Amino acid sequence: MSDTRGSMTEPDIATARKVVIAAFLGWTLDAFDFFILIFTFSAVAKTFHVGITAVTIAITLTLAMRPVGALLFGRLADRYGRRPMLMVNIVAFSLFELATGFAPSLTAFMILRALYGIAMGGEWGIGSSLTMETIPARWRGWVSGLLQSGYPAGYFLATVLFGFAFPYVGWRGMFIIGAFPALLVLYIRSSVPESPVWREMARQPRVPVSTVLRKHLGLTVYAVILMMAFNFFSHGSQDLYPSAFLGKQHHFGHATITTIALIYNLGAMIGGIAFGLLSQKIGRRLTIGIAAGLAIPLIPLWAFSMTPVMLGLGAFLMQICVQGAWGVIPVHLNELSPKEIRATFPGFVYQLGNFLASYNATLQASFAASHGHNYGLAMAWVIGIVAVVIVVLMLFGPESKDVSMAHS
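Numbering (our numbering), first residue to last: 1356 to 1763.
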């Protein structure tokens, strides 16, 4: 395969498309499994005779354990290859999802969600590095947006499952259905090759990850802070939105919640691809800053509207901005990453930022409980603050647009 900065033959292009499909589906199905939980808070709480706030700790545990998975699976992928570890990773998160459906107690449920978090933490870094090391440089912007749109696409699928299956299969059945992503491994095994950049690096002397991180300590700290803000940005606008905000605060029915969730996930997919493509033209930092900045004036419409139509419009526009900013992250982190640890660095800083933001759902739920169960107010505060933080970080951060993946 030719260098990703140069021309590619038709067989190379066909291979690149297969890698993009596999990585997109991997992140989509991983997110699908994650978001099943946010639609089942109330049902799980009822089964185990606890309040919703207690069940939100499961999300905290999942997010908190994702850095462990990013480091573990990332190091294995840097050592043994992106392709085999991506397959192992997908099987692992699918099996833990399946086991969650059979959890006999709240304690077992929490343990299984923590283990799922380890498996979930590895997928994004491995999939994005495999993709960015394989595709031509001119593809990176829109493919980055496409990959990240897999996250709202997974949310969309979880919404569809909730809308059509939940009344018949309950929360346990939803988690059992969440094991089906394991079938993606068959496609990867038959159609997806190893990263050409990894094959080249595998012939070179290995550098300890601690040595590389010390050399790039400033970049590492910056990236972790950036991803903490980004995870507050996404989880702060999504995790409590359907069940707590639309359901508990506004008392909307099952069909209304499902419809609004489908609408704002369409907005998220549109935003991810559109802003990812824009970043190829005007740069990564400027694109992220624009998307985050546009979210700020949308907060009143998004969090304080009263009718389903206006809330749906606000959510649609908000997720265009939130996931628009996120759409640039896969390519931005991979371009900034030291090549020796590219399967480790993007995923690890992303998931460590996730760990620092993992208390979001419980924080918002607690804040809302102390303010008359006003979940809209809790979400507005979080999104307003982190949008400003992201804009500031973009003003002073680094950028490595179109850098060679083989020589960065």
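Positions of the beta carbon are idealized from the N, C-alpha and C atoms, including for glycine.
All values derive from a computational prediction rather than experimental measurement.
| Check | Outcome |
| --- | --- |
| Residues near phenylalanine 1387 in its chain [Cβ-Cβ closer than 6 Å; skip 5 each side] | Gly1509, Leu1512, Ala1513 |
| Whole-angstrom distance between proline 1663 and threonine 1359, CA atom to CA atom | The predicted position of threonine 1359 is uncertain, since its pLDDT is 42 and thus under 50; a value taken from the coordinates is nonetheless stated next. The alpha-carbon atoms of threonine 1359 and proline 1663 are separated by roughly 46 Å. |
| The region 1647 to 1656 / the region 1550 to 1559 touching (three or more Cβ pairs under 8 Å) | no |
| Three-way DSSP call (helix, strand, coil) for valine 1547 in this model | coil |
| Spatial neighbours of glycine 1361 in its chain, beta-carbon cut-off 6 Å, leaving aside the 5 residues before and after | Caution is warranted here: a pLDDT of 45 is assigned to glycine 1361, below 50, making its placement in the model unreliable, and the coordinate value is therefore given only provisionally. The answer is none, since no qualifying residue turns up. |
| CA nearest to the CA of alanine 1723, picked from Leu1416, Ile1466, Phe1600 | Phe1600 |
| Proximity of glutamate 1478 and glycine 1533 at Cβ, strictly below 8 Å | no |
| DSSP three-state assignment for leucine 1595, whether helix, strand or coil | coil |
| Spatial distance of alanine 1584 from methionine 1529 (CA atoms) | 30 Å |
| Three or more C-beta pairs below 8 Å linking the region 1721 to 1735 and the region 1434 to 1448 | no |
| Beta-carbon separation (whole angstroms), alanine 1716 vs isoleucine 1414, contact threshold 8 Å | 5 Å |
| Top-ranked residue by Cα proximity to tyrosine 1714, from Phe1379, Leu1416, Asp1385, Val1498 | Leu1416 |
| Given 8 Å, three or more beta-carbon pairs between the region 1570 to 1577 and the region 1399 to 1413 | no |
| With 16 other Cβ atoms within 10 Å as the buried cut-off, status of proline 1652 | exposed |
| Beta carbon of glycine 1627 nearer than 8 Å to that of proline 1507 | yes |
| Option in Phe1710, Glu1690, Phe1587 with minimal Cα separation from proline 1701 | Glu1690 |
| Host alpha helix (DSSP H) of proline 1655 (start-end) | 1654 to 1659 |
| Short Cβ contact (8 Å threshold) for isoleucine 1615 with aspartate 1433 | no |
| Outcome for alanine 1369 when other beta-carbon atoms lying within 10 angstroms are tallied against a minimum of 16 | exposed |
| Contact check, serine 1592 vs valine 1498, beta carbons under 8 Å | no |
| For tyrosine 1714, the three-state DSSP class (helix, strand or coil) | coil |
| Best match in Pro1536, Ala1425, His1605, Ala1469 for proximity to serine 1380 [C-alpha to C-alpha] | Note on identity: in this sequence residue 1380 is leucine, with serine being the wrong assignment. Leucine 1380 has its Cα closest to that of Pro1536, out of Pro1536, Ala1425, His1605, Ala1469. |
| Nearest candidate by alpha-carbon position, reference threonine 1455, set Thr1611, Asn1709, Ile1391 | Ile1391 |
| Simplified DSSP state of glycine 1682, which is helix, strand or coil | coil |
| Under 8 Å between C-beta atoms of tryptophan 1681 and serine 1598 | no |
| Burial state of alanine 1712 (16 or more Cβ within 10 Å) | buried |
| Contact belief for asparagine 1729 with glutamine 1559 at Cβ below 8 Å, rounded distance in angstroms | Asparagine 1729 to glutamine 1559, Cβ: 56 Å. No contact. |
| Buried or exposed by the 16-neighbour rule on C-beta atoms within 10 Å, applied to leucine 1668 | buried |
| Three-way DSSP call (helix, strand, coil) for histidine 1609 in this model | helix |
| Proline 1753 (DSSP reduced to helix, strand or coil) | coil |
| Glutamate 1488, DSSP secondary structure in three states | coil |
| DSSP state of valine 1743 mapped onto helix, strand, coil | helix |
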